[in-house]
DNA sequence: GGATTCTTTTGACCTATATCAAAAAACGAT
DNA sequence: ATCGTTTTTTGATATAGGTCAAAAGAATCC
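Protein chains in written order, with this note's numbering: chain B, 564 to 753; chain H, 564 to 753.
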């Protein structure tokens, strides 16, 4: 879904508003694995994923990559706490495939929030959407068995699960790659 | 912190705006454990906690209470996904002490969002604040040991940790009460 | 199209944390 | 203060899922 359609769907902007808003976004073609945000930097951009899948991840104390969130097509992506709190990012952000994204800086976004009531509304809706998404994940992680978490992933992100490496999904679900491999194997048998 | 001060701090409303907005909130004195939202109901109210501590929790398949979030003084509280998605609540919501809260219905809130650009901004700020809070918790839960999660709780919610029963904190942190008890004991020794 | 690198699977073993059960301590109401 | 209830602690035991290491399978590249 193009960013234009996406914005229109969420809030009924006039053509003029929409044009103005879109003019503040920059289209970027980024290649797989190219870092968009690095752990430790303040992330000052918000991205819309038009094509591709993004993720944010961090390196734990053993140097292992832990994926925190995936961002599919038609989603806004950023290093959440860093962007909102202007704090050093806990995460790296990258695309997992060659991708087309649209970026806007925090400053410009703030200006748009000031300028348009409807834009502020858009911001609120995106925030709450992201919030419910994270709450769902928290539910899944907190008290479910590894198998149940995998099943959650299957229903919640069927599009993503077959497009990204197993190890990333395992870390996203809070389990080791070996465990996920074994669960998946068992699943196929039943 | 009173709701009036809280709102003023976040967005610079005029006196008239503030008065109008506050007139849509209802002050409620609720007693400890009185259910505000029940699992399965759609939660259509947002609460501001002026005095007391609230939580939402659910009963898992074994009938055990699992606390998902605490809401301290000066926080907005609701059953997040239920309120935003108008879906049946996964959680019960209650106060853990006799409390003073201020409630507003979703409808009235929406009207205020329509009416005031600044109100929409307030909604966005609250949403993002809640979002970063949940992201922090997710970080803590996903890949930390039980001990590390307890330490996270100590720094993030020092006010709450000594005011609510151990079992609730344990379930909030995704561990058994016994484990938390043992961790705490060890901590005291060092 | 074979060599190289990356990803997934499999097996053996280990550990953090769960569970169960019961004692001890703290709390609350009379 | 005392009885009953709730909460916390402690000990013994069980297990889900982790770690390590190596093999098997895919993907990528000159």
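Beta carbons are placed, not taken as given, at the ideal position from N, Cα and C, and that holds for glycine.
request  = Between the Cα of residue 658 of chain H and those of H:723, H:679, H:693 and H:647, spot the shortest distance and give me the residue it belongs to.
outcome  = Of the listed residues, the one whose Cα sits closest to residue 658 of chain H is H:723.
ask   = How many angstroms separate the CA atom of residue 593 of chain H from the CA atom of residue 740 of chain H?
value = Linking residue 593 of chain H to residue 740 of chain H through their CA atoms gives a straight-line distance of about 28 Å.
key: Sub-9 Å separation of residue 581 of chain H and residue 595 of chain H beta-carbons   = In this structure, residue 595 of chain H does not lie closer than 9 Å to residue 581 of chain H by Cβ.
query = So, using beta-carbon positions, are residue 688 of chain H and residue 641 of chain H closer together than 9 Å?
reply = Result no, Cβ atoms of residue 688 of chain H and residue 641 of chain H do not sit closer than 9 Å.
ask   = Can you give the beta carbon distance from residue 731 of chain B to residue 618 of chain B, rounded, assuming they're within the 8 Å contact cut?
value = Between residue 618 of chain B and residue 731 of chain B the Cβ distance is about 7 Å, and since that is below 8 Å, they are a contact.
query = At a Cβ threshold of 9 Å, is residue 631 of chain B touching chain H?
reply = Using a Cβ-Cβ cut-off of 9 Å, residue 631 of chain B counts as an interface residue toward chain H, since at least one Cβ of chain H sits closer than that to its own.
key: Members of the region 691-720 of chain B near chain H, C-beta cut-off 9 Å   = Taking 9 Å as the cut-off between beta carbons, the residues of the region 691-720 of chain B near chain H are 691, 692, 693, 694, 695, 697, 698, 699, 700, 701, 702, 704, 705 and 706, in sequence order.
request  = Could you check how far apart the C-beta atoms of residue 590 of chain H and residue 665 of chain H are, in whole angstroms? I think they sit under 8 Å.
outcome  = About 6 Å separates the two Cβ atoms, so the contact holds.
message = I want to see whether chain B comes within less than 9 Å of residue 670 of chain H, judged by CB atoms only; does it?
response = So, not an interface residue.
message = So, with DSSP's three-state summary, where would you put residue 587 of chain H?
response = When secondary structure is reduced to three states using DSSP, residue 587 of chain H falls in the coil class, being assigned neither helix nor strand.
ask   = In its own chain, which residues sit with a C-beta less than 8 Å from the C-beta of residue 676 of chain H, not counting the 5 before and 5 after it?
value = Annotation for residue 676 of chain H: 682, 683 and 686 place their beta carbon closer than 8 Å to its own, counting only its chain and skipping 5 residues before and after.
ask   = Is residue 693 of chain B helix, strand or coil by DSSP?
value = DSSP places residue 693 of chain B within a helical segment (H, G or I) once states are collapsed to three.
message = Using a Cβ-Cβ distance cut-off of 9 Å, determine whether residue 683 of chain B contacts chain H.
response = Taking Cβ atoms only, chain H reaches closer than 9 Å to residue 683 of chain B, which makes this a yes.
task = Determine, using beta carbons only, whether residue 686 of chain B comes closer than 9 Å to chain H.
result = So yes, residue 686 of chain B belongs to the interface.
message = Spatial neighbours of residue 717 of chain B within its chain, please: C-beta separation below 8 Å, excluding the five flanking residues on both sides.
response = Excluding residues within five positions, the ones whose Cβ falls inside 8 Å are 724.
request  = Check distances from the C-beta atoms of the region 569-595 of chain B to those of chain H and list, in chain order, the residues that come in under 9 Å.
outcome  = For the region 569-595 of chain B, which is checked against every Cβ of chain H, not one residue is closer than 9 Å.
inquiry  = Once DSSP output is grouped into helix, strand and coil, what is the label at residue 728 of chain H?
reply    = Of the three classes helix, strand and coil, the one that applies to residue 728 of chain H here is coil, per DSSP.
Separation of residue 605 of chain H from residue 647 of chain H, as counted between CA atoms = Whole-angstrom Cα-Cα distance: 10 Å.
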